[in-house]
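Below is one structure, written out as structure tokens; comments come after it.
6 protein chains.
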Amino acid sequence: MTRPVTLFTGQWADLPLEELAGRCAGWGFDGLELACWGDHFDVAEAVRDSGYAAGRRALLERHGLGCWAIGNHLVGQAVCDPIDERHKSVLSPEIWGDGDPEGVRGRAAEAMMDTARAAAQLGVTVVIGFTGSPTWHMLYSFPPNDFDEIERGYQEFAERWGPIIDVFEAEGVRFALEVHPTEIAYDFVTTRKALDAIGDRPGFGINFDPSHFEHQFLDSATFITEFGGKIFHAHIKDSVKHLDGRSSILGGHLQFGEPGRGWDFVSPGHGDVDFESMIRALNRIGYSGPLSIEWEDSGMDREWGAPDALAFVRRTDFAPSEVAFDAAFGKEA
Amino acid sequence: MTRPVTLFTGQWADLPLEELAGRCAGWGFDGLELACWGDHFDVAEAVRDSGYAAGRRALLERHGLGCWAIGNHLVGQAVCDPIDERHKSVLSPEIWGDGDPEGVRGRAAEAMMDTARAAAQLGVTVVIGFTGSPTWHMLYSFPPNDFDEIERGYQEFAERWGPIIDVFEAEGVRFALEVHPTEIAYDFVTTRKALDAIGDRPGFGINFDPSHFEHQFLDSATFITEFGGKIFHAHIKDSVKHLDGRSSILGGHLQFGEPGRGWDFVSPGHGDVDFESMIRALNRIGYSGPLSIEWEDSGMDREWGAPDALAFVRRTDFAPSEVAFDAAFGKEA
Amino acid sequence: MTRPVTLFTGQWADLPLEELAGRCAGWGFDGLELACWGDHFDVAEAVRDSGYAAGRRALLERHGLGCWAIGNHLVGQAVCDPIDERHKSVLSPEIWGDGDPEGVRGRAAEAMMDTARAAAQLGVTVVIGFTGSPTWHMLYSFPPNDFDEIERGYQEFAERWGPIIDVFEAEGVRFALEVHPTEIAYDFVTTRKALDAIGDRPGFGINFDPSHFEHQFLDSATFITEFGGKIFHAHIKDSVKHLDGRSSILGGHLQFGEPGRGWDFVSPGHGDVDFESMIRALNRIGYSGPLSIEWEDSGMDREWGAPDALAFVRRTDFAPSEVAFDAAFGKEA
Amino acid sequence: MTRPVTLFTGQWADLPLEELAGRCAGWGFDGLELACWGDHFDVAEAVRDSGYAAGRRALLERHGLGCWAIGNHLVGQAVCDPIDERHKSVLSPEIWGDGDPEGVRGRAAEAMMDTARAAAQLGVTVVIGFTGSPTWHMLYSFPPNDFDEIERGYQEFAERWGPIIDVFEAEGVRFALEVHPTEIAYDFVTTRKALDAIGDRPGFGINFDPSHFEHQFLDSATFITEFGGKIFHAHIKDSVKHLDGRSSILGGHLQFGEPGRGWDFVSPGHGDVDFESMIRALNRIGYSGPLSIEWEDSGMDREWGAPDALAFVRRTDFAPSEVAFDAAFGKEA
Amino acid sequence: MTRPVTLFTGQWADLPLEELAGRCAGWGFDGLELACWGDHFDVAEAVRDSGYAAGRRALLERHGLGCWAIGNHLVGQAVCDPIDERHKSVLSPEIWGDGDPEGVRGRAAEAMMDTARAAAQLGVTVVIGFTGSPTWHMLYSFPPNDFDEIERGYQEFAERWGPIIDVFEAEGVRFALEVHPTEIAYDFVTTRKALDAIGDRPGFGINFDPSHFEHQFLDSATFITEFGGKIFHAHIKDSVKHLDGRSSILGGHLQFGEPGRGWDFVSPGHGDVDFESMIRALNRIGYSGPLSIEWEDSGMDREWGAPDALAFVRRTDFAPSEVAFDAAFGKEA
Amino acid sequence: MTRPVTLFTGQWADLPLEELAGRCAGWGFDGLELACWGDHFDVAEAVRDSGYAAGRRALLERHGLGCWAIGNHLVGQAVCDPIDERHKSVLSPEIWGDGDPEGVRGRAAEAMMDTARAAAQLGVTVVIGFTGSPTWHMLYSFPPNDFDEIERGYQEFAERWGPIIDVFEAEGVRFALEVHPTEIAYDFVTTRKALDAIGDRPGFGINFDPSHFEHQFLDSATFITEFGGKIFHAHIKDSVKHLDGRSSILGGHLQFGEPGRGWDFVSPGHGDVDFESMIRALNRIGYSGPLSIEWEDSGMDREWGAPDALAFVRRTDFAPSEVAFDAAFGKEA
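Chains as they are written, first to last, in this note's numbering: chain V, 12 to 344; chain P, 12 to 344; chain H, 12 to 344; chain R, 12 to 344; chain Z, 12 to 344; chain Y, 12 to 344.
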């Protein structure tokens, strides 16, 4: 099995796509997972202008790059979240509007429906993204949570996302939630509950990213095995724990990369993620989509890191066996 | 050094104080850390009725119990928090009022000033409590935090609590923040910043409780050593981690005690806290106040647990050496 | 919840029951789990002589001891095993007969039916025992196993034990297989398969003994949680690993207690078993039967060990909570 | 020291030797360890036809490949084992005959003598293989073992293999037992006893394979150091443990590669074996024979794996120092 | 086996023996290991005055205390050491004399011979002590050691101690070197070499103290097993490691008990020593002498610690089994 | 940031510089850290002959090699040490003279001043070296240390090295003490005290070498972070621990490379050092000097090891990020 290796462009949105594509082609990537911000992929434009998506595709093809998925995390986040100033800084003025929370959530939902339409135009079948969460802020139960309210949060998520997924399914595109703290699903329990709430529908699944599991002490391979058929896409991203008794695993309200944090994101292969087991698990469930590097490492030059990460994935990814063990062994002529 | 062992009454607020005092005396406790809820200690009443506090003291003395501190966590929490329904369920109607957040915060601040006054009447010099936090809900930086806003949160805390501490100092009482997730200070970094913000004043310090450090992978003894002089009171409470690759250290939005959580509170001596090192550290800083058992264990009968916890503390607490090492060794006659 | 603590008498079969009962009563045990060998409990005699069982019960009662279960491991082992000389040395001449394997297996099956009848006469509702295994000897797949043969082994077990369990159910007695290497079920996978094979019937369940899980690196609490309703009885027994790079976890074909083994049985509390988690798990599933000490420690005087083990269980076993967590906390008056 | 790297052909017996040799030469192997099954190396034919061995050698040389050892595990296994259907499926009809156990064992012993003769014809001085074991099935002592019978098992091994080794020594060939579960020697203790039983003779030694040690928690380097002079050959093979509390180290009677096993074989460098320490130990004892990759990984395409394994060995194997430490350091001119 | 528990009096030399004996008797000790300093046991006086030893014995007996060994560490240290000011502060003026190193060593050797004579008078058969070391100061080989000089150090030790041991053997007393950093033997390798150098003579053996092994990462039980017959006496003393990445295992030239050290001595049961395994190993070698508590804990009041340590030993020490495992199990009537 | 990779020539002093330079250039090194012994760099000659240094520089340049530092460990060691035969074997006859300790120390101090002068002539600004230590031999406090004497040792160091550093500063050269056992500074505590003693002067700092920290259980990255500005130079050297319960972390007075040691030096990347964290820490403090491989591995051929080590450093060293984390992420167009 030879899986394409792509780069998620979200952390490179300061570069025009033309320039980034040139660099990635030079490093040897097979393709890009386009972020729906910067100038990389403009959902609104794609819906407005029927030639836009084809133009982006052509740009990539000029560099010999493919595209199997796009990522629209920022808008998706606003669909279920309590809205505050942080959302304003990452949303377009059109979606933010007057900032009234329910209005923002509604416009974000519309934009996610458009994302499905734009993806179809671009010819990709997977959109990666976030859902937001009505209950994330109740993570630690103090003042004591009303746990019925937590359960209602899963329902709210299902109600807000159901109509969006209807559009996805109509367009033949699948939404892959990146399981992640701050989202409706971030671990085993919450993923089970979120999937239960929205139902087992073909248009809703998971983007698996191990970097969000490592600092939670969750096992990536076990997760992949449990949710196998629902894993629509995979990120390659790493994280590392620094637990010396003085740094909290909760992060200390410190920015990523600041000394004193109990964990941080690092370039793939430089952290604690067990990619060997992850690849074996992806092989077991028959995943054949891209391995998409989401490159974040506040301590490393990204120009050094991106090709280093690509080389790491090339030597770590391998094809599963197609014959049973010892089928050849143990036959006396 | 013989330190009194007390029970914090907050988890026993369903029992009238008279009944609880009888049981605790029977188990052999030296005293109680009275919670400012249930009928245990009513701050408003103490301020209103000049005989109330003496009555409570007399009740305890009838059972041979002392009192060195009271705890008012619930009201303190409302001083800096964004206010939501969860606060309503733990505040008195007087403090909740119409629920307007700024109004709630103001009335809570007044009530904390009254707590200092009531403590003085009762003859105790330490009030344990929570501060709330303007920034706790921004724990995970997504959507990306404006980190200046985090810094402003420490300032807001200082502004809201400064006037309260003025009253404490005027009454000769000290406020001991229980360093705890959801509070302005919950680890090393945030404690340093909170203390910096409010300044080094005699009326503001720490109630150290190791159960909130264990699941953050923080070392209790190192904390005690660093913040030595600021530690005004100590809780004895334990917690345990269940990290099997499927349970998140973040808790999965599950109630304490539900299977599937990555950590939980347990009766002292039944979890992961290294009390030996904690006692040695308390000895080193010369702490001579109470060791106050805050008993929470969702899997154990509290009637079994409380005397078990007391016995545990009695055999774990020891006095420091008063002579230099080997002072006696190595003298040939 | 107050669970009785009993001693399994199998390792004390050199002592007459009268004498053993006296000692156990002196040490403070609540009762005995009688072994069906030595003079402790004679199944054949109980079936033959309608007064025998009552006599044994009376003997125990004279010492103030109860009896909630009996154990007949040795005969059960012969029901499914390939038969060899080792069985001869632990079976009665009547059951061994001429030693023809199928004949031995058949007579052992009859004797297990009698065990149910005898248990009913004694007034106990649980029989602990082994099943033997048609496939244990194929543990390591070399020469390569035919794995269909393994699956047929579970069927053979079900066929041999089905009729025995019919008698158990008719007598109102339950058979509790001690999950254990050499038996049809010894870990999670094999327990699932064995239960699947015999079906979910009221007369067949599990005697949980953590000492057989520790050296397999299996988690006792997780097992109890998974198989909750099927756990009919529990042993308290400990084991310890000695993994220094020179001692195999497989045991080196060395006798228990010989230096050089990678693991060994030890007196409860002297080994690696996490009894705290085991008790919590038993509490969660609502187990209220005996905690039966099976005392084996080749390096300790059993007269020293038995009361030490009893004291260990008394201080380790505790009742679960009957109220929800924090039900009392967090109520402002 | 530059050691040749070979591939053991046993797991590739479905491919004709001509084809396999071509692939291996292309990958860059130095030679092959020929399996005595498939069409790779036919012992009976070599004894019958005096030109056969030279023909095999010529085939290898056409591809630029050497051969320093051959492997005949399957026949050797039958020399000491209790015989069952599993042996039938891996033995030739000539050796199996009517399947009478003692007859099978005798014919297997003859075939091993022929293996020595065939090896001499091929010009190799080492035969790798298994011995079988009269006592492996008594691994767990229940029903309780008669440990005298275990000791007699080592004697039986010595009696059965002594005459075979006579032929080896007469032919100038050495037999290297692959220390392995199911064999007379599988850990430190059993290797000591097996060597004691057969005596310190030049024709009997060890093929060291670390993959069989890892899941037993045995240290490879310590073993190599202890048995130094007796190590005639070395396999490069890896294994990995998956101990999550639900998977038994004993394997659960599951096929290699099935999810749920506590350990599994994997391609070299993808598992837990500490090859660095193994190479240092081989250097210390002066081992200069081949490093022979026995490639088994049920989760990896073997065409991907074999060259990956070769590259791993090339970068892991290094020559020892020929000068004393710091001989150059510390000389002031 | 019931072993006496004694207290080594070296760390209590500031108290007159009469007073210390009274306290120890009150705490329940079985006896004392008298230090040859303070007023506890005066070797010179015992040699001079034939009634002195009997007087000390009588004093102990008045308190119901026994004595099985005496300890003379300080003088023994001077026999092989390079002599410096540190020795002056722990030696009597008679032994120090003019401080000329060879003279000091000679007088110390004479004093150790007298110690044997005094022990005989007191009726004890074991003297605990140190040997000093000609090579300890060459612990880290920089500037590079001449390793021949290290070997000569063992010879020098043997030459200096041989004549002393002659006197011990003549008196029927055994010298037990406390294996310890700064002595000729402090780990496995050096103990083997020291014993090789002095030869296997009945008068020279080991006082085993696990606190000196823990910070070296040495396994106490393995040591006891290897040197079994040479272990003449055992200390019960504990130590703890504090390895947080900032504290060196070498100790940082800090006094015991100072914060920042990587390890420290603590009261038995409060540190890292695995006493369970130590007791089992002592049982295996048949050691029946005293368990002598050497109490040192710079962070604990010794009056609290001594009875705590005694209680710890009483509940940790147990008798070995006198019957073979499962001798009683597995006998069908 | 692209840092030069150099080889420290001290362990290659048996080779003429011309030959060594040729090999290193062939392997791809950027330069050499010249040892001041062998024929590599002769301090006395450089002071004597004004053209010598330029000649050495020219030799290097012919091979395309740079030089940023020289190392003079052996002479520096003699400045503060108690002097014994070991120093004689590593010092020149001129410095040793009659061997009178104070004389040796004085001549060594003069030679270190000359080293600064010679370095200036060569055009390098850093000299690596040792200081020796007046107190190293008092590492373990028995006989009990007078800790005032330890403190005086730091003063003595400062007094002996102050005048040397005066010359360094006058020459515009910095002395970088290799923090190392046997030196005045070998861990966090001693480094703090040594720097306090000599004062914060520009001419005295640290050569950081992680191989000396690993066996002390010290964290390299934490050290670099604490002493950031004082780190003038960095060695790349590795070490490995072998702690199997029988090998002491103290080394057993065994030569490096002898079996039985608890730790040993190994080629970079073959041991326990966490170079990833070390590089990140060096990036954080802005260190831009050479990464100088000090190659010592008693079990590896140095010709194999040196290029292996260089390749390891090339793939491990990376440049830090020059933009803030997520600066590009999170901008909706």
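Cβ atoms here follow ideal geometry from the backbone N, Cα and C, with glycine treated the same way.
- The secondary-structure analysis by DSSP pairs residue 252 of chain V across a beta bridge with V:274.
- Among the residues of chain R, those whose CB is under 9 Å from the CB of residue 270 of chain Y are 236 and 295, following chain order.
- Where residue 294 of chain V is concerned, there is no enclosing beta strand (DSSP E), although the alpha helix (DSSP H) around it starts and stops at 286-296.
- The three-state secondary structure of residue 17 of chain R, taken from DSSP, is strand.
- According to the DSSP secondary-structure assignment, residue 185 of chain R is paired through a beta bridge with R:137.
- Rounded to the nearest whole angstrom, the CA to CA distance from residue 30 of chain V to residue 319 of chain V is 19 Å.
- The beta carbon of residue 324 of chain H lies closer than 6 Å to those of 16, 247 and 302 in the same chain, with the five residues before and after it left out.
- With contacts defined as CB atoms closer than 9 Å, residue 293 of chain H and residue 217 of chain H fail to qualify as a contacting pair.
- Taking C-beta separations shorter than 6 Å and ignoring five residues to either side along the sequence, residue 158 of chain Z has no partners in its chain.
- As computed with DSSP, residue 264 of chain V is found in no beta bridge at all.
- Non-local C-beta neighbours of residue 280 of chain Z in its own chain, meaning closer than 8 Å and more than five positions away in sequence, comprise 249, 286, 319, 320, 323 and 327, ordered along the chain.
- Contact note: residue 315 of chain H reaches chain Z through 329 and 330, using a C-beta cutoff of 7 Å and chain order.
- In the DSSP assignment, residue 44 of chain R falls within the beta strand (DSSP E) that extends over 42-46.
- Here residue 73 of chain H is exposed, its C-beta having fewer than 16 other C-beta atoms within 10 Å.
- For the stretch 152-184 of chain Y, the set of residues with a beta-carbon nearer than 9 Å to any beta-carbon of chain Z comprises 152, 153, 154, 155, 156, 157, 158, 160, 161 and 164, in chain order.
- Cβ-Cβ separation between residue 144 of chain P and residue 193 of chain P: approximately 6 Å, consistent with a contact (criterion under 8 Å).
- C-alpha of residue 251 of chain V to C-alpha of residue 139 of chain V: approximately 24 Å in a straight line.
- Take the alpha-carbon of residue 98 of chain H and the one of residue 47 of chain H: they are about 16 Å apart.
- The DSSP-derived three-state label of residue 247 of chain H is strand.
- Sequence-distant partners of residue 332 of chain P (beyond 5 residues in either direction) whose C-beta falls short of 8 Å from its own C-beta are missing from its chain.
- Judged by their CB atoms, residue 34 of chain P and residue 314 of chain P are nearer to each other than the 9 Å cut-off.
- For residue 207 of chain R, same chain residues with a beta-carbon under 8 Å away, outside a window of 5 residues either side, are 165 in chain order.
- With respect to the C-alpha of residue 25 of chain P, the residue from P:18, P:14 and P:51 having the closest C-alpha is P:51.
- Within chain P, the residues 152, 156 and 158 have their CB atoms less than 8 Å from the CB of residue 266 of chain V, given in chain order.
- Apart from sequence neighbours up to five positions away, the residues of its chain that approach residue 88 of chain Y with a beta-carbon distance below 6 Å are 141 and 143, ordered along the chain.
- Contact of residue 222 of chain H with chain Z is not assigned, every C-beta pair being separated by 9 Å or more.
- For a Cβ distance threshold of 8 Å, residue set 154 of chain R lies close to residue 98 of chain H, ordered along the chain.
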